[in-house]
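As numbered in the working numbering, the sequence shown has no gaps in its residue numbers, which increase by one up to the final residue, 143.
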Amino acid sequence: MTIKTKYDDQNIMAKIIRGEIPNYTVYEDAEILSFMDIMPQSNGHVLVVTKKPTISLLDADPDNLAYMIKKIQTIANVVKTYFNADGILLRQSTGEIAGQTIFHLHFHLIPMKNGEALIRHASDMADAETLTKQSTDLKRLLN
């Protein structure tokens, strides 16, 4: 398997960024969008997505990537505190062999608690009311 080299502007992240698919926004500015994962691996699983048409870490603009990491740190601190997590798992996959299924650069921020295992991704959809409350609270804390 190879790394994709042509960006597909019809991927789900691009559609979310354009507002074609609703999301539970946590933070947004000119360069990134952060929102709740609707099929979380733990309570509070958040995605951070570049708004630039970027396939993966390998073709990312270095300045945009640096900006993303700064914002990821800020968001991770708020998520860790809000969900009373013991740590944060930061996950990013580049290439199919590494588990990348959406070919738009994004990071997963997954709150971790001692004694709690990760839920298999895409196993169950989170409750909409819960995601609404969590995203509203996190947005307030981040703005």
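For each residue, glycine too, the CB sits at the ideal point set by N, CA and C.
Note that this is a predicted model, so its numbers are computed, not measured.
- With distances taken between CA atoms, His104 lies nearest to Ser56 out of Ser34, Ser56, Met39, Thr25.
- As a beta-bridge residue in DSSP terms, Glu28 pairs with Leu33.
- When rounded, the separation of the alpha-carbon atoms in Pro111 and Lys70 is 18 Å.
- Ranked by Cα distance from Lys52, the options Asn84, Ser42, Leu65, His45 are led by Leu65.
- Restricting attention to beta strand (DSSP E) runs no shorter than 3 residues, the region 51 to 130 encloses them at 87 to 91, 106 to 112, ordered along the chain.
- Cα atoms of Tyr7 and Leu58: separation of roughly 13 Å, rounded to the nearest angstrom.
- Here the region 128 to 136 makes contact with the region 17 to 25; the two share three or more CB pairs at distances below 8 Å.
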